[in-house]
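As structure tokens, the structure follows; a few thoughts come after it.
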Amino acid sequence: MPELPEMETYRKLLNEQIAGTVITGTEVTREKSINVSPEAFNEQLTGRTVWYVERRGKHLIFHLDNGKRLELHLMLGGFLFFGREEDKPDRTAQVTLRFDKGNLYFMGLRLGHLHLLSVKEVEGALSKLGPDPFDKRLTSEKFAALFDKKRGSLKASLVDQHVIAGIGNCYADEIAYTASIRPDAKIPLLRDEDWERLHRSMHSVLKEAISRGGYMDQPLTATDVLTGGYESVFQVYERAGETCGRCGGTIEQIEVASRKAYLCPGCQKE
Ligand SMILES: [Zn+2]
Numbered sequence: 001m002p003e004l005p006e007m008e009t010y011r012k013l014l015n016e017q018i019a020g021t022v023i024t025g026t027e028v029t030r031e032k033s034i035n036v037s038p039e040a041f042n043e044q045l046t047g048r049t050v051w052y053v054e055r056r057g058k059h060l061i062f063h064l065d066n067g068k069r070l071e072l073h074l075m076l077g078g079f080l081f082f083g084r085e086e087d088k089p090d091r092t093a094q095v096t097l098r099f100d101k102g103n104l105y106f107m108g109l110r111l112g113h114l115h116l117l118s119v120k121e122v123e124g125a126l127s128k129l130g131p132d133p134f135d136k137r138l139t140s141e142k143f144a145a146l147f148d149k150k151r152g153s154l155k156a157s158l159v160d161q162h163v164i165a166g167i168g169n170c171y172a173d174e175i176a177y178t179a180s181i182r183p184d185a186k187i188p189l190l191r192d193e194d195w196e197r198l199h200r201s202m203h204s205v206l207k208e209a210i211s212r213g214g215y216m217d218q219p220l221t222a223t224d225v226l227t228g229g230y231e232s233v234f235q236v237y238e239r240a241g242e243t244c245g246r247c248g249g250t251i252e253q254i255e256v257a258s259r260k261a262y263l264c265p266g267c268q269k270e
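As structure tokens, this is what we get:
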């Protein structure tokens with residue numbers, strides 16, 4: 001599932017392509033991906049200008065000139081492509097937004113959605129999200145306080161969007177590894193210095209991933225060379241059996257709160 005760095009890469013590249021441009025038409029092949037009828041969707045979007053695209057956690061919000069918003073969550077398997085029909089990947093688009101410059105295709109939206117909402121509805125839909133990892137007010141102390149009442153494992157809370165928004169399975173493991181803490185470490189046992197390390201690691205891992213375009217394997221446009229550059233940088237995620245770059249130990253896969261987790265038992269401590 002795309003996480004903060006992947007959605008941030010989409011946000012950046014989409015703004016370059018469509019900010020300030022007009023939607024000239026829409027096409028919907030899967031009604032369940034949207035929240036109104038395809039006719040109403042088309043009527044309300046055609047002729048509207050997209051002012052800009054914003055990211056919140058793993059969501060993207062398209063700001064339209066009539067005060068409405070399109071709220072996107074890709075969930076598992078969702079991805080985007082912007083360009084001409086002939087350059088598009090050979091996959092069905094559940095929703096297409098047409099622009100003069102090209103089409104924006106929403107694909108793999110089996111679990112994901114693209115909802116047309118008012119400002120108030122967007123705020124309601126996203127009201128339970130925890131803070132963004134890059135929120136300037138989120139100091140190391142405030143970060144640690146997010147986990148105050150949590151009793152379970154570190155990973156279960158790192159991926160909980162109500163605690164902090166944007167981190168999923170993949171970056172939770174990378175952040176725990178960078179901080180030298182096991183993903184199954186019990187939260188009440190973590191000390192102040194562990195939280196400081198986790199806070200620093202969260203920033204360094206996510207910043208590096210953003211700068212390398214995240215891990216999505218499908219480029220956004222035919223000329224996009226940014227997307228997916230982080231795939232080869234993973235230290236532990238999906239690397240079970242490989243050698244740890246830090247201590248030479250062997251990376252293992254374990255289960256934490258019914259999720260897979262990857263770690264190096266040699267250099268990640270409880
Ligand atoms: Zn190691």
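Position 156 of the sequence shown, counted from 1, bears residue number 156 in full-length UniProt numbering, the numbering being contiguous throughout.
Ideal placement from N, C-alpha and C gives every residue a C-beta, glycine not left out.
Remember, predicted model here, so these are calculated numbers, not experimental data.
Within its chain, find whatever has a CB closer than 7 Å to the CB of residue i; leave out the 5 residues flanking it on each side and keep chain order.
i: residue 7; result: 55, 58 and 60
i: residue 177; result: 235, 236, 263, 264 and 268
i: residue 206; result: 4, 5, 133 and 171
i: residue 174; result: 205, 234, 235, 236 and 237
i: residue 71; result: 59, 61, 115, 117, 122 and 125
i: residue 283; result: Because the chain here runs from 1 to 270, residue 283 falls outside it and cannot be looked at.
i: residue 79; result: 107, 108, 216 and 218
i: residue 10; result: 60, 80 and 220
i: residue 199; result: 140 and 143
Going by Cα to Cα distance, which pick from the options is closest to residue i?
i: residue 114; options: 143, 130 and 75; result: 75
i: residue 168; options: 39, 212 and 260; result: 260
i: residue 83; options: 105, 93 and 73; result: 105
i: residue 155; options: 23, 257, 226 and 210; result: 257
i: residue 166; options: 139, 214 and 120; result: 214
i: residue 90; options: 157, 101, 108 and 99; result: 108
i: residue 86; options: 222, 266, 232 and 245; result: 222
i: residue 246; options: 14, 232 and 180; result: 180
i: residue 110; options: 31, 232, 200 and 12; result: 31
i: residue 270; options: 46, 34 and 194; result: 194
i: residue 67; options: 197, 44 and 201; result: 44
i: residue 119; options: 69, 160 and 141; result: 69
i: residue 42; options: 145, 77, 98 and 14; result: 98
i: residue 112; options: 18, 46 and 34; result: 34
Does DSSP put residue i in a helix, a strand or coil?
i: residue 282; result: The first residue shown for the chain is 1 and the last is 270, placing residue 282 beyond what the model contains.
i: residue 130; result: coil
i: residue 162; result: coil
i: residue 25; result: strand
i: residue 227; result: coil
i: residue 103; result: strand
i: residue 153; result: strand
i: residue 186; result: strand
i: residue 269; result: strand
i: residue 114; result: strand
i: residue 18; result: helix
i: residue 181; result: strand
i: residue 144; result: helix
i: residue 192; result: helix
i: residue 37; result: coil
i: residue 44; result: helix
i: residue 3; result: coil
i: residue 209; result: helix
Taking 6 Å as the limit between beta carbons, can you name the residues of its chain near residue i, skipping five residues before and five after?
i: residue 162; result: 128 and 130
i: residue 96; result: 27, 103 and 105
i: residue 209; result: 5 and 230
i: residue 226; result: 213
i: residue 13; result: 220
Going by DSSP, what residue range makes up the beta strand (DSSP E) through residue i?
i: residue 98; result: 93–99
i: residue 82; result: 79–83
i: residue 136; result: Looking at the DSSP string, residue 136 is not in any beta strand (DSSP E), and its letter there is neither H nor E.
i: residue 237; result: Segment: none, residue 237 is in no beta strand (DSSP E) and carries neither H nor E.
i: residue 72; result: 69–73
i: residue 49; result: 49–56
i: residue 64; result: 59–64
I'd like the list of long-range same chain contacts for residue i, defined as Cβ closer than 8 Å, with 5 residues on each side in sequence excluded.
i: residue 153; result: 183, 184, 185, 186, 187, 256 and 257
i: residue 49; result: 20, 21, 22, 23, 64 and 65
i: residue 240; result: 251, 252, 253 and 262
So who's on the other strand from residue i, going by DSSP bridges?
i: residue 254; result: 261
i: residue 13; result: Per DSSP, none; premise fails for residue 13.
Taking the alpha helix (DSSP H) that residue i falls in, what are its first and last residues?
i: residue 119; result: 119–125
i: residue 175; result: 169–178
Would you say residue i touches ligand 3, meaning its beta carbon is less than 7 Å from a heavy atom?
i: residue 266; result: Among the ligands in the structure shown, ligand 3 does not appear; only ligand 1 can be found there.
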